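Below you'll find the structure, written out as C-alpha cells, and then a few comments.
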Amino acid sequence: MRTETISYLKQNAASLDVEEPLVITQKGKPTYVVESYAAHERREQAIALLKLLSLGEKSREEGKTLSAEEFTARVKARHAAERGESM
Numbered sequence: 017m018r019t020e021t022i023s024y025l026k027q028n029a030a031s032l033d034v035e036e037p038l039v040i041t042q043k044g045k046p047t048y049v050v051e052s053y054a055a056h057e058r059r060e061q062a063i064a065l066l067k068l069l070s071l072g073e074k075s076r077e078e079g080k081t082l083s084a085e086e087f088t089a090r091v092k093a094r095h096a097a098e099r100g101e102s103m
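This is how it looks when you write it as C-alpha cells:
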C-alpha cells in the first residue's frame, strides 16, 4: 500500500492512480485511505458475505437448519398443499 501526504492528495486528486489503496498521512500519521469505487464495492460485498456466513453458522449451532432431505420434503408438502393435494 502506497503512502502519500495530504498535500500530495490535494495537488493530485484529479489524476490519482488508485489501483491499490492509498494511505494518506497528516502530520506524519495515517489519517485516510483512498481507494477506487470498484475496490470499495468488492470489500463491501465481501463483508456482507462474511456476515451471512456468520449468521448461517450461528443458525447451525442453534439447530435452526434443515438437512437437504427435510428441506425437500417441506417444499414438496408446501407445493402439494398449494395445489390442494395430499401427500
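Per my numbering: the sequence shown = residues 17 to 103. Ideal Cβ placement from N, Cα and C applies to all residues, glycine included. Everything numeric in this text was worked out from a predicted model, so none of it was measured.
Inter-residue Cα distance where the pair is V39 and K74 = Stepping through the sequence shown from its first residue, residue 39 is reached at position 23. Stepping through the sequence shown from its first residue, residue 74 is reached at position 58. Going from the Cα of V39 to the Cα of K74 covers about 35 Å.
query = Which residues mark the beginning and the end of the beta strand (DSSP E) in which L18 is found?
reply = Taking the sequence shown and counting its residues from 1, one reaches residue 18 at position 2. The question names Leu, but residue 18 is Arg in the sequence shown. Start and end: R18 to T21.
task = Counting only the same chain and skipping the five closest in sequence on each side, list residues whose C-beta sits under 8 Å from that of A84.
result = Mapped onto the sequence shown, residue 84 falls at position 68. Answer for A84: no residue qualifies.
key: Under the three-state DSSP convention, the category T81 falls into   = The count along the sequence shown starts at 1 and reaches residue 81 at position 65. In this structure, T81 counts as coil in the three-state DSSP scheme.
Straight-line gap, I22 to A54 (C-alpha atoms, nearest Å) = Within the sequence shown, the letter at position 6 stands for residue 22. Within the sequence shown, the letter at position 38 stands for residue 54. Going by the C-alpha atoms only, they are around 22 Å apart.
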